[in-house]
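In what follows, a single structure is set out as structure tokens and then discussed.
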Amino acid sequence: MNFVVAADHPCLPGHFPDRPLVPGVVVLERVLDALQAQHGVLPALRLPQVKFLQPLLPGQTARVELERIEPAPAAASKADQAKAEPPRAEPPPAPPLRWRFRVRRGEELLASGEIVAASAPPADARA
1 MNFVVAADHP CLPGHFPDRP LVPGVVVLER VLDALQAQHG VLPALRLPQV
51 KFLQPLLPGQ TARVELERIE PAPAAASKAD QAKAEPPRAE PPPAPPLRWR
101 FRVRRGEELL ASGEIVAASA PPADARA
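All the letters of the sequence shown, read from the start, carry residue numbers 1 to 127 under UniProt numbering.
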């Protein structure tokens with residue numbers, strides 16, 4: 001998803017006078033917009049890792065790239081798990097959804113990081 005932050009955006013006058021830069025929080029807002037455009041409204045999100053490498057200037061076009069991070073396969077076999085844990089009445093919770101993101105201006109990397117969606121509570125806990 002491409003985006004441009006216009007020179008008249010309300011966040012720019014104080015960030016910074018005479019040399020405006022797009023604040024990181026505005027860049028992250030565009031990342032979350034791109035994620036929700038692809039996947040709809042998601043439960044609470046965390047950003048456990050974010051790096052800003054280069055500034056984005058007003059009027060420049062940037063692109064958000066998203067990549068789903070698949071959960072790692074379980075290390076123990078089902079037979080090993082059965083020995084270690086008593087049987088459960090319900091299946092274990094699904095691992096949280098995770099994505100890696102990159103924000104680029106052309107081929108130049110501006111920001112990168114990871115987004116994690118909170119697991120949805122069990123159906124009986126929502127009541």
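The C-beta atom is built at its ideal place from N, Cα and C for all residues, glycine as well. Please read these numbers as outputs of a predicted model, since none were measured by experiment.
Selected residue, minimal CA-CA separation from residue 23, among 31, 17 and 12:
12
Does residue 127 come out as helix, strand or coil in the three-state DSSP assignment?
With a pLDDT of only 39 at residue 127, under 50, the local geometry of the prediction cannot be trusted, and no value is derived from it.
Can you give me the start and stop residues for the beta strand (DSSP E) that residue 114 sits inside?
108 to 117
With burial defined as no fewer than 16 other Cβ atoms inside 10 Å of the residue's Cβ, what is the status of residue 25: buried or exposed?
That one is exposed.
With 16 other Cβ atoms within 10 Å as the buried cut-off, status of residue 41:
exposed
Helix, strand or coil at residue 26 according to DSSP, with G and I counted as helix
helix
In terms of residue numbering, what span does the beta strand (DSSP E) encompassing residue 3 cover?
Under the DSSP assignment, residue 3 falls in the beta strand (DSSP E) whose first and last residues are 2 to 4.
Quick one: which unbroken beta strand (DSSP E) runs of 3-plus residues sit fully inside the UniProt domain "ApeI dehydratase-like" (3 to 71)? Chain order, please.
45 to 52 and 61 to 69
I'd like to know if the region 54 to 67 and the region 108 to 115 are in contact, where contact means that at least 3 CB-CB pairs between them fall below 8 Å.
Of all C-beta pairs linking the region 54 to 67 to the region 108 to 115, three or more are shorter than 8 Å, placing the two stretches in contact.
Suppose the cutoff is 7 Å on Cβ atoms and the five residues either side in sequence are ignored; what does the same chain contact list for residue 100 look like?
67, 69 and 114
Straight-line CA distance for residue 105 to residue 91?
44 Å
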